[in-house]
Amino acid sequence: SSGTDFSNVPHGRLVEMFGKLERSGEEVVALQEKLESRLHCLDAEDTDRDEEFQELLEVSYTMEAELSARSLLERQWQDFCVKVLQMDAGIRDLTTILLNDEEILATMTK
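Heads up: the sequence shown runs through residues 15 to 124, numbered per the working numbering.
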């Protein structure tokens, strides 16, 4: 075990990263809803409405950037969780026990 400092710092960092992931997911959902509503407003014959298409293009680019940022955050989250497991022997041992316990695994997969 690595002591008191370890238990305080990673928990705060995990909470912060998880919060960012949640907010990122909410932003993507909002962008998807906006894009869908704008697409429903446009008819196939309205292709001369450049302003509308520029707005849709901007929403599309913003959504793409959000998805990319979310993907990066998810990778960072996973990497950090692995580091936490590697750094703390108690957590690592508990995780190993849980992963090797058939009864617990069966409960988790239901």
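Don't be surprised by glycine CBs; every beta carbon is placed ideally from N, CA and C.
For residue i, three-class secondary structure by DSSP
i, result
"arginine 37", "helix"
"arginine 106", "helix"
"valine 96", "helix"
"arginine 63", "coil"
Backbone CA spacing between residue i and residue j [nearest angstrom]
i, j, result
"glycine 26", "glycine 33", "11 Å"
"serine 21", "glycine 39", "Only weak support is given to the placement of serine 21: the predicted model assigns it a pLDDT of 47, under 50, and the value that follows is read from those uncertain coordinates. Cα to Cα, serine 21 sits roughly 27 Å from glycine 39."
"valine 96", "leucine 53", "41 Å"
"valine 29", "glycine 104", "20 Å"
"aspartate 93", "serine 51", "36 Å"
"leucine 99", "glutamate 88", "17 Å"
"arginine 63", "cysteine 55", "11 Å"
Residue from the options whose Cα sits closest to the Cα of residue i
i, options, result
"glutamine 125", "Leu86, Leu112, Leu49, Glu88", "Missing from the structure shown is residue 125; the chain here goes from 15 to 124 and no further."
Burial state of residue i, where buried means 16 or more other Cβ atoms lie within 10 Å
i, result
"leucine 86", "exposed"
(request) Count the CB pairs spanning the stretch 73-82 and the stretch 37-50 that are closer than 8 Å, and state whether there are at least three. (result) Short answer: they touch.
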